[in-house]
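Note that the protein sequences, when read in sequence, are chains A and B.
Going by this note's numbering, the first residue of the first sequence is number 2, and it counts up by one from there.
Going by this note's numbering, the first residue of the second sequence is number 2, and it counts up by one from there.
From the three backbone atoms N, C-alpha and C, an ideal C-beta is built for every residue, glycine too.
Here the structure is laid out as structure tokens; the discussion comes afterwards.
2 protein chains.
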Amino acid sequence: MIALNEKIYTCPVDVTLGLIGGKWKLLILFHLYYFTKKSYKDFRTNLPGISEKMLSQQLKELERDKLIAKNQLSIKPNRVEYFLTERGQSLGPLYEFISKWGIDYLMENNIDYIKDQHLYK
Amino acid sequence: MIALNEKIYTCPVDVTLGLIGGKWKLLILFHLYYFTKKSYKDFRTNLPGISEKMLSQQLKELERDKLIAKNQLSIKPNRVEYFLTERGQSLGPLYEFISKWGIDYLMENNIDYIKDQHLYK
DNA sequence: GTAATCACCTACTTTTTAGTTAGTTATTGA
DNA sequence: TCAATAACTAACTAAAAAGTAGGTGATTAC
């Protein structure tokens with residue numbers, strides 16, 4: 002058992018999952034890694050299905066865990082820009098692997114995501 | 002949007018997460034990948050905290066999704082042996098990365114898991 | 001013959017996660 | 001000036017995930 006930040010983990014795998022587990026975090030991180038869009042609104046349009054609540058909640062947790070950070074572009078009209086921190090970037094190989102594996106899995110199920118990418122929006 | 006097995010996914014990352022997401026699956030897979038122990042009981046002792054219900058439920062889903070499979074060693078006294086299928090093994094780099102990243106993260110927090118491994122059981 | 005072990009399963013409850021709806025502050029554009 | 005947009009927040013509800021407690025059939029160990 003490993004105690005860290007008021008939590009108990011059973012092994013290093015568990016530790017990592019504690020930071021990136023859940024339904025949305027990896028999708029948010031992947032989005033930030035892969036596409037250049039970074040505003041709150043960009044997430045909303047690129048992560049179909051996520052609610053405002055989930056989005057701001059998850060962004061806050063990712064910030065707290067220092068996987069992402071944001072630039073305050075302007076305060077009076079609140080404009081921000083999210084980006085991956087070094088820690089968030091260090092998960093790069095993970096994002097790539099998970100995405101590639103998903104594409105391969107779809108392929109095995111006769112869905113050519115790459116070829117038909119225009120169909121998925 | 003991608004439709005597969007009665008579910009809707011937003012992207013390949015989502016597809017992968019559909020198979021290995023949740024609190025226990027990656028831990029089970031990692032265990033199977035890393036250690037040689039494979040019986041039901043082995044999981045129970047090596048995944049501290051998992052309940053019987055969660056374990057059998059997750060094993061069943063992993064079997065259904067063809068990431069693991071089992072050998073029936075004996076029927077009269079029910080004895081089985083779980084193992085990773087080829088698909089389950091294809092996630093090898095993922096298990097390794099997540100484990101290593103967790104160890105590095107612990108290191109950043111001044112916990113030397115490798116050195117103190119004997120402390121964690 | 002009694003207890004212990006293994007590999008489960010079932011009903012039920014709790015906790016966690018996620019969704020819904022609405023509201024805030026501030027700005028720009030018509 | 002009225003609607004729209006951006007970036008949120010908060011209260012409440014619903015759904016999903018996980019935990020608890022107990023039970024099964026079969027075997028071996030004492």
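In the displayed model, residue 7/B falls within coil according to three-state DSSP, outside both helix and strand. Distance check between residue 103/B and each of 7/A, 6/A, 20/A and 8/A places 20/A closest, using alpha-carbon atoms only. Contact fails between the region 37-50 of chain A and the region 80-96 of chain B, because fewer than three Cβ pairs, one in each stretch, are under 8 Å apart.
Below 8 Å, too few C-beta pairs join the region 21-40 of chain B and the region 107-118 of chain B to call them touching: fewer than three.
For residue 71/B, the enclosing beta strand (DSSP E) stretches over residues 69-75. At a cut-off of 8 Å between C-beta atoms, residue 15/B counts as an interface residue with respect to chain A.
Of all residues in the region 83-97 of chain A, only 88, 91, 92, 94, 95 and 96 place a beta-carbon less than 9 Å from a beta-carbon of chain B. Interface with chain A (8 Å Cβ-Cβ cutoff): residue 106/B is included. Fully enclosed alpha helix (DSSP H) runs of no fewer than 4 residues occupy 13-21 and 26-35 of the region 7-37 of chain B, in order along the chain. In the DSSP assignment, residue 96/A falls within the alpha helix (DSSP H) that extends over 93-109. Residue 114/B sits in coil when the DSSP states are folded into three classes, being neither helix nor strand. A distance below 8 Å between beta-carbons, with the five flanking residues on each side excluded, links residue 81/A to the following residues of its chain, in chain order: 40, 41, 71, 72, 73 and 74. In the three-state reduction of the DSSP assignment, residue 85/B falls in the strand class, which pools E and B. Rounded to the nearest angstrom, the gap between the Cα atoms of residue 34/B and residue 56/A is 34 Å.
What residue 3/A touches in chain B, judged by beta-carbon distance under 8 Å, is 107, 112, 114 and 121, going in chain order. Residue 99/B and residue 114/B have their alpha carbons spaced roughly 14 Å apart. Neighbourhood of residue 28/A in chain B, by CB distance below 9 Å: 11, 12, 14, 15 and 18, in chain order. By the neighbour-count criterion, in which a residue is buried when 16 or more other Cβ atoms sit within 10 angstroms of its Cβ, residue 15/B is buried.
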